[in-house]
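Once you know that position 294 of the sequence shown is 294 in full-length UniProt numbering, the rest is easy, because the numbers rise by one and skip nothing.
Here is the structure we will look at.
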Amino acid sequence: MRAITLTEHGGPDVLTVSEIPSPTARPGSVVVDVHTAGLNRADLLQRQGHYNPPAGANTEHEVPGLEVSGTISSIGDGVTDWAVGDRVAALLAEGGYAEQVEVPAGQLLAVPDGFSLAEAAALPEVLCTVHSNVFTAAGLAPGEWLLVHGGGSGIGTAAIQMAKSHGAKVAVTVGSDRKGDFCRDLGADAVINYKEEDFVERIREITGDGDTPGDGADVILDVVGAKYLDRNIKALAVDGRLTIIGLQGGVKAEANLGRMLPRRLTVMATTLRARPEAQKARIVADVAQTFWQEAMNGGIKPIVDSEFPLADAAQAHARMEAGENIGKILLSVAADG
């Protein structure tokens with residue numbers, strides 16, 4: 001089969017179209033003929049050599065890709081809930097940039113007839129990431145304020161919709177008016193241009209009452225990491241929760257515990273890719289009963305920025321790296337089905 005492989009680490013040009021052996025369905029898994037693969041910023045980190053595949057990954061052929069949509073073509077022993085020909089989307093640990101991929105059965109989501117397979121590929125990673133961090137770990141409640149860094153990203157555009165459907169209020173940071181306008185149209189209650197405004201001061205104004213500053217955000221979803229840690233702590237309300245899911249701004253920073261203790265703040269950092277299969281299966285099952293159903297019924301829209309042929313994965317990476325995208329970038333692997 002054709003796949004995008006990494007024979008070395010570096011810029012987008014290291015993404016190579018290769019012919020590699022097709023996967024087989026081991027017990028408890030299925031093989032999916034890939035229709036569309038979704039890009040994630042973790043793919044860029046992996047390409048650069050900063051995000052190694054988890055234990056048990058294919059060591060002979062390193063193929064990026066954390067989510068796909070497609071059709072089941074074969075089934076391993078012990079799989080009873082799925083059949084050959086089922087239309088699915090899938091959360092992966094690796095291997096999505098390929099014509100076929102093996103998937104643990106617990107990480108599959110059903111795509112109903114009439115729903116675009118291309119759009120379905122834009123959803124598994126963002127829905128599972130936001131659900132597990134914002135709702136399960138941070139416990140965002142209706143009426144609370146969520147601050148999302150990178151509101152125009154795939155994660156950001158999903159978080160806006162999911163939080164609003166849950167009855168929460170949402171503020172986002174963006175780097176351009178174009179992205180800010182898009183986030184407002186998507187439902188964001190407030191937009192902060194981080195290039196022009198201090199997001200700590202602005203979130204207090206936003207959560208305040210007229211001339212009286214508010215307490216800040218109840219939950220912050222952060223993709224920046226070290227660079228934002230101190231300011232994120234300042235931007236949290238009493239009993240606030242910070243969940244860090246990215247390290248675009250570095251990996252090391254100091255935290256003022258004296259500011260955190262009296263305000264009862266919680267700081268957590270998680271990744272979805274390296275979780276054990278059983279944990280991923282539980283997350284996927286929870287999402288299947290909640291936000292996935294809402295998406296399949298039209299309540300949450302997959303936001304697709306652009307689609308590139310599989311062979312043009314380097315151009316797709318360059319677009320994401322430049323920060324030009326609003327929503328998800330996709331790789332088209334097969335014709336629409």
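Even glycine gets a Cβ: it sits at the ideal position worked out from N, Cα and C.
Beta-carbon separation (whole angstroms), Ile192 vs Ala171, contact threshold 8 Å:
Contact holds; Cβ gap of about 6 Å.
With distance defined between alpha-carbon atoms, name the residue in Gly38, Lys328, Glu62 nearest to Gly49.
The shortest C-alpha separation from Gly49 is found at Glu62.
On the premise that Ser332 lies in contact with Pro309, defined as a C-beta separation below 8 Å, what is that separation, rounded to the nearest angstrom?
The beta-carbon separation of Pro309 and Ser332, rounded to 6 Å, stays under the 8 Å limit for a contact.
With DSSP run on the structure shown, which of helix, strand or coil describes Lys234?
If DSSP states are grouped into helix, strand and coil, Lys234 belongs with the helices.
From the DSSP output, in three-state form, read off Gly240 for me.
Reduced to three states, the DSSP call for Gly240 is strand.
Return the CA-CA distance between Ala137 and Arg241, expressed in angstroms with no decimal places.
One C-alpha to the other measures close to 9 Å.
Can you tell me which residues form a DSSP beta bridge with Arg2?
DSSP output for Arg2 lists Glu19 as bridge partner(s).
So what's Asp218 in DSSP terms, helix, strand or just coil?
Looking at Asp218 - three-state DSSP - the assignment turns out to be strand.
Check whether Met162 and Phe135 have beta carbons under 9 Å apart:
It is a contact, given that the beta carbons lie within the stated cut-off.
What number of angstroms, rounded off, separates the C-alpha of Leu265 from the C-alpha of Asp86?
A straight-line Cα-Cα distance of about 45 Å links Leu265 and Asp86.
According to DSSP, is Asp13 helix, strand or coil?
The answer is helix: DSSP assigns Asp13 an H, G or I state.
Would you mind listing the alpha helix (DSSP H) stretches within the segment 128–211 that are 4+ residues and don't spill past its ends, in chain order?
For the segment 128–211, the full-length alpha helix (DSSP H) segments reaching 4 residues or more read 154–165, 177–186, 199–206 along the chain.
With a Cβ-Cβ cutoff of 9 Å, do Leu123 and Pro64 count as a contact?
No, they are not a contact pair.
In terms of residues, what are the limits of the alpha helix (DSSP H) holding Leu331?
From DSSP, Leu331 is part of no alpha helix (DSSP H) but of the beta strand (DSSP E) over 328–332.
Check the DSSP bridge columns for Glu307 and list the partner residues they point to.
Paired residues: Leu330.
Where the beta strand (DSSP E) containing His35 begins and where it ends:
Note, His35: beta strand (DSSP E), 29–38.
Run the CB neighbour count on Gly151, radius 10 Å, all protein chains shown included, and call it buried at 16 or more, exposed below.
Gly151 should be labelled buried.
Verify whether the separation of the beta carbon atoms of Val88 and Gly70 is less than 9 Å.
For Val88 and Gly70, yes; Cβs fall inside 9 Å.
Which of the three DSSP states, helix, strand or coil, is assigned to Arg41?
Note: Arg41 maps to helix in three-state DSSP.
Own chain residues within Cβ distance below 7 Å of Arg273, not counting five before or after:
Excluding sequence positions up to five before and after Arg273, its CB lies within less than 7 Å of the CB of Ala42, Pro54, Leu66, Ala93, all in the same chain and listed in chain order.
My output table needs one value for Leu109: the three-state DSSP class, helix, strand or coil.
In the structure shown, Leu109 sits in a strand (DSSP, three-state: E or B).
Mind reading off the beta-carbon distance from Arg231 to Phe199? Whole number of angstroms is fine, and I expect it under 8 Å.
That belief holds up - the Cβ atoms of Arg231 and Phe199 are roughly 7 Å apart, short of 8 Å.
DSSP three-state assignment for Arg273, whether helix, strand or coil:
For Arg273, the three-state secondary structure derived from DSSP is coil.
N- and C-terminal bounds of the beta strand (DSSP E) containing Leu91
Looking at the DSSP string, the run of the beta strand (DSSP E) that includes Leu91 is 87–91.
Just mark Val68 as buried or exposed, buried being the case when its beta carbon has 16 or more other beta carbons within 10 Å.
Val68 comes out buried.
Just reading off the beta strand (DSSP E) that Gly70 is part of, what are its end residues?
In the DSSP assignment, Gly70 falls within the unbroken beta strand (DSSP E) covering 67–75.
Which of helix, strand or coil does DSSP assign to Gln293?
If DSSP states are grouped into helix, strand and coil, Gln293 belongs with the helices.
Using the Cα positions of Glu99 and Thr24, report the straight-line distance between them to the nearest angstrom.
Rounded to whole angstroms, the gap between the alpha carbons of Glu99 and Thr24 is 13 Å.
Under three-state DSSP, which class holds Pro213?
It is coil, neither helix nor strand.
Exposure label - Thr243; buried when at least 16 CB within 10 Å
Thr243 is buried by the Cβ-count criterion.
Have a look at residue 393 and Ser132 and give me their C-alpha separation to the nearest angstrom.
A query on residue 393 cannot be resolved here, the shown segment of the chain reaching from 1 to 337 and no further.
Taking the alpha carbon of Met322 as the point to measure from, which residue in Asp77, Ala217, Leu44 has its own alpha carbon closest?
Rather than Met, the amino acid found at residue 322 in this sequence is Ala. The shortest Cα separation from Ala322 among Asp77, Ala217, Leu44 belongs to Leu44.
Helix or strand or just coil, what does DSSP make of Gln315?
Residue state, collapsed to three classes: helix.
Endpoints, alpha helix (DSSP H) assigned at Glu119
The continuous alpha helix (DSSP H) containing Glu119 extends over residues 117–120.
Near Asn40, which residues of its chain fall below 6 Å by C-beta distance, leaving aside the five closest residues on each side in sequence?
If we look at Asn40 and ignore the five residues flanking it on each side, its Cβ neighbours are Leu66, Glu125.
Backbone CA spacing between Val238 and Lys252 [nearest angstrom]:
The straight-line gap from Cα to Cα measures roughly 24 Å.
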